[in-house]
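Following: one structure in C-alpha cells, then a few remarks.
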C-alpha cells in the first residue's frame, strides 16, 4: 500500500494503460466479429453476431430463469465447498499429525488426484439418484485430493524458526497448532481450497450438462439441443461471468490471508 | 559453583567482579551429534556464568557450536551432558525467564507489528486492551512507533528484526538470548541497531547473551566476550571489555576499541582459518 | 477409510510399536485395502444397494480379464490385420485425442505464457482475461466445438486443448516471473540471442512450474476429452464407460474405470518424472 501511494501518478499510469489497452482489444475483437459476421465472412448459423447474443440476454434471464439456475449451481458449489473444507482440511491435519497414516496414504492420495474421478458419475447417479445431491457429492469427491494435499503441504512447510519461537514462549501443543502452525499454513490451505473449488465447479457444471439436470450446465445443454444459438452463447457468457466473479472473490480472500504482501 | 570464576583454568580471564548470584550458569556442557560420518562433537565442556545486568557475547567461527549452545540454553535442544541453571533453577525445556531472538526472520507474517509484539502476553492470558497497551510500549522502545498496524511484509529486514526483539522483550525475560540477530543485515544497519540494543540494554538493565561471529558487534556491545575454538567448540579465552558505558556506535572509531578488536581477532584468526581449511577439504573430498 | 486401518492394526499385531516403520506402513496399507475389500464385498453380499450396482469384486475381476483378453476387434496395424481386444482401439482413440490436445494446447500455452511473463505490458493487458477464463467449466463450450469441429475426434481434441491451455499458460507466465533476474542479466552479458535466451535460460530455469502446469493441464485435458466422449461419441474410453452404464453392465463399467484410472495415474507419474530427471 505504501508503494502505491509513493508511486503516485506514474504508478497509476503504468497500471492503467495496459488494462485499458486490453479492454480496447477485447472491444475491437467483438466489433470485428460483428462486422465479419454481418458481411458473411463467418457463417452466422455457427457464430451469431455479438449484438444478437446481447439481445438474447433478456430472454435468457426472463424465460430461462437464469437467476434461479445460477442460485442452484451456486448452492451446489457451496455445498461441495463446505464438504471440501471440512473433510479436506481434517484429513490433511490427520495426515500431518499421524506420520504413519501419511507415509501409508500420501502417494495414494496424490495418485487419486490425477485420476478423472468425474467419470464415476453414473455410479453416483445410481446411489444418490438424479438429484442435486449427486452433483454435490461428485463435485466434492473429485476435488477432495488437492485440498488434502495442499493442507498437508502448508502444515509441513511451516518454517522451523516459527515453531521454535512458539516453543521458546512455552506454548502448549494445541496453542502451537492454533497460534502458529495453522495460521502459517492458512494461505497454502486456501490455495488448496481454491483449487478444489475450481475442480468442483468444473465437475458440477460438467455433470449438470451431461445428465441434463440442475442449473447452468443444463441450461447450456438445453439451449444447444434446441439449436438456440444466440441463447447458447448468451448462457455461456453467463457461466463465464460466474467464473469471473469467482476469481475476483477468491483473489480478494487470498490477499486478505496474506496481509501486506 | 559459588563464584563467577570460570571453572576452566585455561581460560584466562576474571569475573565481572560482582558478588551477586549469577543469573545464568552454564556448567560443563558437552553435546555431540550423530551424523552419517560418525559422531561430531559440537560443544566440548563449556562453562561460564552470566551476572545480572551483564552483556556477554560468545564469538567463534561458523561451526564452533555456538548455535547449538544457543538452542541448549533456550531449552530447545536436549540430550547433552552438564547442566544449565537459570536464576538457580536447573533448565528443563524452555524457561519463562529466558527470551530468545533468532537469527532467521521469525516475525509472524499474519500478525501486525503490535499483534506480533503482544503475542507472548496473549499466551500468558493478559486481557486484550492491557496487552495491546503493553505491546505499544515495547514497539516504541525499539523505535517502531507509527508502524504498529503494519504487517511484517511491509517492513525492512532490520525493522522486522526489531519486531522480533520487541516481541521477546515484551515477555520480560530475566535473560535475553540472541543468536546472530543482525547476521542478515548490512553493516550500517547493524551498527545502528547495535546502538538500539545498547540503549535498551542500559535502560532495562537487561541481562543479555549474544551469539555472534561479528567482531565489531561483539566489542561494541559486550562487557565480556567468550572466544570459542573451531570444532569441537571449546572455550579459548574470556576477554573483559573495559570500555566506558553508556556506549554508542561512535566508540567504533576509538583506539581502545581497535585494540580489543585486534586482540580478539588474533585468537579468532587461527580458529577461522582452521574452519576454512576443514570446509574446503570436505568439499574437495566429495568432488573427488 | 484410513480410520478402519488404524483401528484394526494394533489389535492384530502384538508388538506393533516394536515393528520397524516401513513394516508398519506396509501393514497399514494392507489393512486399509483389506478393509475396503471387506466393506465392498459385505455391501455386495447384503444386497443393500441394488445388487448389480455393487457387484462382487470377483465379477469385476472377470470383466477386467475379459476386456483385456477377448480379441474381438480386427485391427489393421501397418497393413497387417490382427485381432485385438476392442478396448485397445478405444484406448488409442482417447490417447490420440488427449495427446493431440496436449500438443496444441501445451505449445500454445507455453508460447503465450512466455510472452506474457516476459512482457509486463502484455501481461497487464491480457493476463487478467486468462485468469477469469481459467476456472470456467470448459464443458459448456462443447456444443460450440461440435458445431465448429464436427462430432468426431475433432471436437474432443478441441475440448482437451481448451482445457489444458489455461493451466499451462498461467503457470508458464508465473514461471517466467519467478526466474532469478540475475540469470537473465547473465544471459544478456553473454550477448545471447532471443532464441538462445528462451532455450538456454528461460526454459531450464522454469522447468518446475512448467511441469506442474503440464501435469495440471493433462489432468483437465483428460477430464475434458472424456466428458465430451460420454456426451456425444461412438468411440473412446468415455463412450465405452457410458455405454457399459447404459446397458447396465456394472462389472464391466467398474473394470473400465479401474483401467482408466490406472492409465491416467501412470501418465501423470510419467510427466512428474520428467521434472526430476536430469
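Residue numbers (my numbering), protein chains in the order written: chain A, 232 to 492; chain B, 458 to 745; chain C, 57 to 334. Every residue, glycine too, gets a C-beta built ideally from N, C-alpha and C. These numbers were taken from a predicted model, which means no experiment stands behind them.
Selection from the options that minimises the alpha carbon distance to residue i
| i | options | result |
| --- | --- | --- |
| residue 306 of chain C | A/358, A/331, A/314 | A/358 |
| residue 522 of chain B | B/538, B/599, B/508, B/500 | B/500 |
| residue 480 of chain A | C/249, C/301, C/229, C/188 | C/188 |
| residue 473 of chain A | A/305, A/248, A/274, A/324 | A/305 |
| residue 561 of chain B | B/734, B/700, B/614, B/493 | B/614 |
| residue 620 of chain B | B/663, B/607, B/651, B/574 | B/574 |
| residue 412 of chain B | B/591, B/632, B/609 | No answer is possible for residue 412 of chain B: the residues shown for chain B start at 458 and end at 745. |
| residue 707 of chain B | B/648, B/731, B/727, B/595 | B/648 |
| residue 720 of chain B | B/673, B/737, B/630, B/552 | B/673 |
| residue 529 of chain B | B/487, B/652, B/496, B/695 | B/487 |
| residue 122 of chain C | C/221, C/308, C/287, C/319 | C/308 |
| residue 142 of chain C | C/156, C/124, C/95, C/151 | C/124 |
| residue 292 of chain A | A/490, A/489, A/463 | A/463 |
| residue 242 of chain C | C/231, C/258, C/229 | C/258 |
| residue 316 of chain A | A/346, A/424, A/460, A/446 | A/424 |
| residue 554 of chain B | B/539, B/538, B/540, B/531 | B/531 |
| residue 263 of chain C | C/284, C/287, C/229 | C/229 |
As assigned by DSSP and simplified to three states, the class of residue i
| i | result |
| --- | --- |
| residue 334 of chain C | Confidence at residue 334 of chain C is low in this model, with a pLDDT of 46, below 50, so its placement is unreliable and no value can be given for it. |
| residue 717 of chain B | helix |
| residue 491 of chain B | strand |
| residue 500 of chain B | strand |
| residue 132 of chain C | strand |
| residue 445 of chain B | Shown here, chain B extends from 458 to 745; a query on residue 445 of chain B therefore has no answer. |
| residue 695 of chain B | strand |
| residue 507 of chain B | strand |
| residue 625 of chain B | helix |
| residue 322 of chain C | helix |
| residue 351 of chain A | helix |
| residue 471 of chain A | helix |
| residue 400 of chain A | coil |
| residue 557 of chain B | strand |
| residue 215 of chain C | helix |
| residue 549 of chain B | coil |
Straight-line gap, residue i to residue j (C-alpha atoms, nearest Å)
| i | j | result |
| --- | --- | --- |
| residue 158 of chain C | residue 572 of chain B | 49 Å |
| residue 326 of chain A | residue 332 of chain A | 6 Å |
| residue 223 of chain C | residue 182 of chain C | 15 Å |
| residue 468 of chain A | residue 314 of chain C | 36 Å |
| residue 624 of chain B | residue 503 of chain B | 29 Å |
| residue 612 of chain B | residue 687 of chain B | 36 Å |
| residue 438 of chain A | residue 319 of chain A | 21 Å |
| residue 296 of chain A | residue 218 of chain C | 28 Å |
| residue 536 of chain B | residue 655 of chain B | 34 Å |
| residue 161 of chain C | residue 207 of chain C | 20 Å |
| residue 642 of chain B | residue 280 of chain C | 51 Å |
| residue 293 of chain C | residue 246 of chain A | 47 Å |
| residue 576 of chain B | residue 233 of chain C | 35 Å |
| residue 380 of chain A | residue 328 of chain A | 14 Å |
| residue 605 of chain B | residue 596 of chain B | 7 Å |
| residue 282 of chain C | residue 290 of chain A | 32 Å |
Whether residue i touches residue j by CB criterion (8 Å)
| i | j | result |
| --- | --- | --- |
| residue 377 of chain A | residue 322 of chain A | no |
| residue 146 of chain C | residue 301 of chain C | no |
| residue 670 of chain B | residue 644 of chain B | no |
| residue 169 of chain C | residue 225 of chain C | yes |
| residue 684 of chain B | residue 698 of chain B | no |
| residue 221 of chain C | residue 164 of chain C | yes |
| residue 370 of chain A | residue 308 of chain A | yes |
| residue 514 of chain B | residue 679 of chain B | yes |
Members of the stretch 183-211 of chain C that neighbour chain A once the beta carbon cut-off is set at 9 Å | 183, 184, 185, 187, 188, 189, 190, 191, 192, 193, 194, 195, 196, 197, 198, 199, 200, 202, 203, 204
Under 9 Å (Cβ pairs) to chain E, residues found in the stretch 373-401 of chain A | Given the protein chain composition of this structure (A, B and C), no chain E is represented.
Listed from N- to C-terminal order along the chain, which residues in the stretch 354-370 of chain A have their beta-carbon within a distance smaller than 9 Å of any beta-carbon of chain C?
-> 354, 356, 357, 358
Scan the stretch 310-326 of chain C for residues whose Cβ lies nearer than 7 Å to a Cβ of chain A and list them as they occur along the chain.
-> 313, 316, 317, 320, 321, 324
Taking Cβ-Cβ distances below 8 Å as the criterion, which residues of the stretch 249-261 of chain A are in contact with chain C?
-> 249, 250, 252, 253, 256, 257
Going along the stretch 410-430 of chain A in order, which residues come within less than 9 Å of chain B, judged by CB to CB distance?
-> 410, 411, 414, 415, 417, 418
Cβ-based contacts, 7 Å cut-off: residues of the stretch 280-292 of chain C near chain A = 282, 283, 286, 287
Using a Cβ-Cβ cut-off of less than 7 Å, list which residues of the stretch 460-484 of chain A approach chain C; keep chain order.
-> 463, 467, 470, 471, 474, 475, 477, 478
Given a limit of 7 Å on CB to CB distance, which residues of the stretch 549-562 of chain B reach chain A?
-> 551, 553, 557, 559, 561
Residues from the stretch 218-247 of chain C in contact with chain A, defined by Cβ distance under 8 Å | none
Taking a Cβ distance cut-off of 9 Å, strictly less, list which residues of the stretch 607-623 of chain B are near chain A, in chain order.
-> 607, 608, 609, 610, 611, 612, 621
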